[in-house]
Amino acid sequence: MTRVLSVVAVVAALVGLFLFGLLRGSPDRDISSNMLGKVVPSFELPLYERYQTSYGPSFNLADFDGQPRVVNFWASWCGPCYEEAPELEATYRAYQDDVLFIGVQTQDKGKLAEGRDFINQFDLTFPNVIDDNSAVSIDYGVFGVPETFFIHADGTLAYKHVGPVSTEVLETQIKALLQ
Amino acid sequence: MKQEARSKEQEKVMVFNLPSSFLNLPSRALLTLLLLTTLSYALTQDLDREVFNISRQLRCPVCVAESVADSGAEVSVEMRNIVQAQLEEGKSEAEILAYFQARYGDWILLEPPKRGFHLLVWILPLAAGLIGLVVLGFLFKRWTRASRQPIEVDDADLRRVREALEQSR
Amino acid sequence: MFDPSLSQLGTTSVFLALGLSLYAIVAGVLGAVRRDARLQTSARYAAVAVFLAMTTAIALLEVALLTDDFSVKYVAEHSRLASPTWVKIVTLWSALEGSVMLWGWLLTAYTALIAITSPNNVLRPWALVVLQTVQIFFIGVVASVANPFVFVASPVLDGAGPNPLLQNHWMMAIHPVLLYLGYVGLSVPFAFAMAALITRRPGTEWMTQTRLWTLTGWGFLSAGIIAGGWWSYEVLGWGGYWAWDPVENVSFMPWLTATAFIHSVQVQERRRMLKSWNVLLIITTFALSILGTFLIRSGVISSVHSFGDGPVGPIFLAFFGVVTVISFGLVAWRWDQVRDNAELDAVLSREGSFLAGNVLMLALTFAILLGTLFPLIVDSISGDKVTVGAPFFNQISVPVWLLIFLLMGIGPLMPWRKAKEQSLLRNLAWMLGGGVLAAGAAYLFGIRRVYPLLTIAVSAYNLVSLGLLIAGAVVPRARLSGRSVASVFKQYAFESKRRFGSMIVHFGVIVIALGVMASSAYRVDEQISIPYGESVTFQGYELRAIGQFMEARRGDGSLIDMQTQTTANRAELNRVSAGSEVELWRNGRQVTTLRPRINTFGDSRPVVTPSVLYRFEHDIYLSIVGEFAAGQNFTALRAVQSPLVSWIWVGGLIMVLGTAYALSPNYRRARVTREAEGVLKA
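Residue numbers (this note's numbering), protein chains in the order written: chain A, 161 to 339; chain B, 91 to 259; chain C, 3 to 684.
Right, dumping it as structure tokens:
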């Protein structure tokens, strides 16, 4: 009888493991960033035309040291990015004196027309840059889009959000940045 | 938590938008192949063999389960270029792998780092093999000893067998 | 316009099969328990009826596919007007519902065959019950959550078509079917093993009865795995054939345990040992195949191959749990009847080598299982994300395979019971000598790396072993009978089909080992840009980029002339290909023209399709990488040279031929048996 019980125990453990696997959903990229607490890499990338009057032809992240920043990676083919864009824009308009939002179009090689359409569709007033060869997203350890990075004024990473970001998350994280 | 990771096939060529209503063949074909507004026809970078050896140890971040060497995703192409650039700078394989590990964590390595809990995936199979062979050796000993035991024969049985043999002659 | 009758007929067939299966189980159990011959016969008829019902269902789905009946849900989701006929046929198994139905159908076919041909004994009714139980699961899944026949009231005008990777190559017609035939074939010994446990006869009958089925299933599984490797090679564009992807691992593990099984059953046949071991092995093989189908269809572990989601995952998990608990539990319950009083005369014997080989194969299976599940385990314990990929599996498996090959060489040379020391040492001397010589020659040839040298040594060792085996069988007979060696060899080959077949299979394995070694260790990958009109050297070849090409084809394969025909009927346009034409030159002469391309099927995403030059000593493999645009003045290619990679496919073919040969009936023995029977009757 103990033998039968041990068989049941082993099978139950295996089935339990697989149940966990079924329930956790699609997990692979929900990985917390390796850079938490460390200084994020700087980058200099070309801006879309509509921002060039305010910021010049290109945008350098290091120029804005001393200010809290939110860097959002998106692509024109990414469905959830369309969901979060209006919330990003609304939150930016509320906090634009304190926090700078930067949108980075990445993993989207050559899709400038689509990127322009995306920006115009949501009338994004925060600067958006073009990471054509996806080098910056690699530097940030971005797995997929969208991902949003919340950066302290001193340049260290406070939090990375994987997936579309909601107004609640944005507000919570920005308040944390402003403390 | 929803997130979109682009499938590897989608990454391979950038240009395929086929509006299904559009049936004109040459235009359609042209559209399927047209490189869009980026008119810099920069040659895709030539890569050394060493790049592939190193990329084979890195996992493509946006693919389902492929190495950076094998995948055609944009990100993989760029990662290979980065590996090439670092090789030209003289970095070693370990340094290059560490560069990506610093950004993506242990997940990016196709071989779990040999420390902590992850050592188990290396040790357990080895242990299983060794234990199996040890148990086998033990069983061998027991089984060969069993076969060497002489079969016990009763004297009475022996006599009966002999008598039966005599009778059958 | 679309009438639902086909849909309804299909669903009815499936439900009919389900009901008949249920009846077969009930009648079978009652007939077995009460030893009622009429009930048992009724159950056997029911098994055939289930097969007929499922055949009807399969046929109806094929009819729906071939007539483009988009009112059937499966056709609407997975088929397309413009596809060629063969694609429509194979679309049957290109998605979840159809593939489950295919597995179920093949299972009913095997069960019906068993019902008809299996000898009448105590095991048969229970074996049929077990097979019907597995069958009813698959049919039940089709009848409930994965019904392809659901009626779509407002059907689309044209479907989406199957996954583009599954219509890009004819191997789609073969690989899944071979694999399923393998899994289903191995369910037969499992069913008989369970019958033996239920009827408390865990002796040899269940094995000897199923020997042909086991070997057939194993042969199909081997062929399926190798076919899958070749398909990956020809279709996926990265120049490799095995990535240790979880789905690949999950087909490899039951193959390993099945290989261990076909060797250890020989020990049980000869020496009446290892009863419990054999039962456990075949249950493990079956459990691993069910685990495999669960992992593929649930998406629990990320893999390029995984398809299917929704409620199917938990259902297959539940089935896996039930199967494992009942079968292993039954073994535990009947342990006292199953355990052996084993006796071994000597460790150095064929039994000893088979046992050691078994342990190694099981250790490797455990390693692969652990590696495949490890990311899941780590995530469940600490939430960390880790990857276990090809480098891990390669490092673990190569040393184990080398050890297995060492046993593969010496094992068949050792007699049963006890090896005579003198002849063993003499044989070993020849084999090791051959191995050292070959390694030395390879070293002189320039091969310096350890694993390739060891593989070459072990391969030569095995070839010498095969030579010694043949010489040992043929030469004494030739001497005694005074006939020529050739005629004795011919007679030996014809009479000892099982033995000679196994030699052919082992030879095939060695060919594969050499192919794998060379193509992994000495593979050269490069990424090259060639401006059109210019050329670049690669590994002794001159690659001349000629220009771009573009073509559109209809489903029947005919080209659509894009100059004259400017509009294409969507219902006609099967495939648009665009690629680069590259000529390969060597020593001033053109060898071939390769056309790596990008294929698009209808509205599908584009798939990169490589172009390969096959040669005995290496392959040259080109595929498009990076950007590809019309009017581009250069082509960016991944170029791969893989030495000896075609040896893998050839070796696989040799293995299959050897298996078929070992299975082929022995006509002379049958004739002799009939003659003997005739004499007895006279």
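Just so you know, even glycine gets a beta-carbon here, dropped at the ideal spot from N, CA and C. Just so we're clear, the structure is a prediction, and the values are computed from it rather than from any experiment.
Cutoff 8 Å; reference residue i; Cβ partners in own chain excluding five residues on either side
i: Thr-316 of chain A; result: Gly-197, Lys-198, Val-199 and Val-200
i: Gly-216 of chain A; result: Leu-207
i: Asp-386 of chain C; result: Val-380
i: Phe-322 of chain C; result: Ala-289, Ile-292, Leu-293 and Phe-296
i: Ile-91 of chain C; result: Glu-64, Leu-67, Leu-68 and Ala-175
i: Ser-218 of chain A; result: Glu-204, Leu-205, Pro-206, Leu-207 and Val-289
i: Asn-220 of chain A; result: Ser-202, Phe-203 and Glu-204
i: Asp-283 of chain A; result: Glu-249
Beta-bridge pairing of residue i - partner residues as DSSP gives them
i: Ser-625 of chain C; result: C:Arg-640
i: Arg-149 of chain B; result: B:Ser-157
i: Val-74 of chain C; result: C:Phe-153
i: Thr-69 of chain C; result: Thr-69 of chain C is not bridged to any residue.
i: Phe-309 of chain A; result: A:Val-231 and A:Lys-320
i: Glu-99 of chain C; result: In the DSSP output, where bridge partners are listed per residue, Glu-99 of chain C has none listed.
i: Phe-551 of chain C; result: C:Gly-581
i: Arg-546 of chain C; result: C:Ser-537 and C:Glu-585
i: Ile-290 of chain A; result: A:Gln-265
Straight-line Cα distance separating residue j from residue i
i: Thr-218 of chain C; j: Thr-212 of chain C; result: 10 Å
i: Lys-204 of chain B; j: Gly-373 of chain C; result: 14 Å
i: Phe-630 of chain C; j: Lys-269 of chain A; result: 12 Å
i: Arg-673 of chain C; j: Arg-273 of chain C; result: 29 Å
i: Ala-175 of chain B; j: Leu-272 of chain A; result: 26 Å
i: Leu-408 of chain C; j: Glu-207 of chain C; result: 32 Å
i: Gly-323 of chain A; j: Trp-234 of chain A; result: 10 Å
i: Ala-334 of chain C; j: Ala-344 of chain C; result: 19 Å
i: Pro-150 of chain C; j: Gly-100 of chain C; result: 7 Å
i: Val-230 of chain A; j: Phe-142 of chain B; result: 35 Å
i: Asn-170 of chain C; j: Val-614 of chain C; result: 15 Å
i: Val-329 of chain A; j: Asn-635 of chain C; result: 48 Å
i: Gly-12 of chain C; j: Asp-70 of chain C; result: 15 Å
i: Leu-260 of chain A; j: Ser-326 of chain A; result: 17 Å
i: Gly-275 of chain A; j: Gln-281 of chain A; result: 10 Å
i: Pro-608 of chain C; j: Thr-539 of chain C; result: 29 Å
i: Leu-561 of chain C; j: Glu-574 of chain C; result: 11 Å
i: Leu-586 of chain C; j: Gly-230 of chain C; result: 28 Å
i: Pro-240 of chain A; j: Val-302 of chain A; result: 15 Å
Sequence-distant residues of the same chain with beta carbon closer than 6 Å to residue i, five excluded per side
i: Arg-500 of chain C; result: Ala-664
i: Ser-234 of chain C; result: Tyr-243
i: Phe-112 of chain A; result: Because chain A here runs from 161 to 339, residue 112 of chain A falls outside it and cannot be looked at.
i: Leu-199 of chain C; result: Leu-332 and Arg-336
i: Ile-514 of chain C; result: Ile-650 and Gly-653
Own chain, CB closer than 7 Å to residue i, minus 5 neighbours either side, in chain order
i: Phe-330 of chain C; result: Ile-285
i: Phe-318 of chain C; result: Thr-295, Phe-296, Arg-299 and Ser-300
i: Gly-355 of chain C; result: What sits at residue 355 of chain C in the sequence shown is Ser, not Gly. So the list reads Leu-409, Ile-412, Gly-413 and Met-416, once near-sequence residues are dropped.
i: Phe-190 of chain B; result: Leu-148 and Ile-198
i: Ile-383 of chain C; result: none
i: Gly-503 of chain C; result: Gly-660, Thr-661, Tyr-663 and Ala-664
i: Ile-336 of chain A; result: Before going on, a small fix: residue 336 of chain A reads as Ala here, not Ile. Correct list, in chain order: Ala-318.
Segments assigned alpha helix (DSSP H), at least 4 residues, entirely inside the segment 229–273 of chain A: 239–255
Stretch pair the segment 437–446 of chain C + the segment 456–474 of chain C: three plus CB contacts closer than 8 Å: yes
Entirely enclosed alpha helix (DSSP H) segments - the segment 474–542 of chain C, minimum 4 residues: 487–497 and 499–523
Complete runs of the alpha helix (DSSP H) confined to the segment 335–405 of chain C [at least 4 residues]: 337–340 and 352–384
Segment contact, 8 Å Cβ cut-off, at least three pairs: the segment 155–165 of chain C with the segment 78–86 of chain C: yes
Cβ contact check for the segment 252–260 of chain C and the segment 614–633 of chain C: 3 or more pairs under 8 Å: no
Complete runs of the alpha helix (DSSP H) confined to the segment 109–164 of chain C [at least 4 residues]: 125–145
Stretch-stretch touch, CB-based, cutoff 8 Å, three pairs: the segment 479–488 of chain C with the segment 613–626 of chain C: no
The segment 597–608 of chain C contacting the segment 573–587 of chain C, beta-carbon criterion three pairs below 8 Å: yes
Every unbroken beta strand (DSSP E) within the segment 433–457 of chain C, with a cutoff of 3 residues, ordered by chain: none
The segment 180–198 of chain C touching the segment 132–151 of chain C, judged by at least three CB pairs closer than 8 Å: yes
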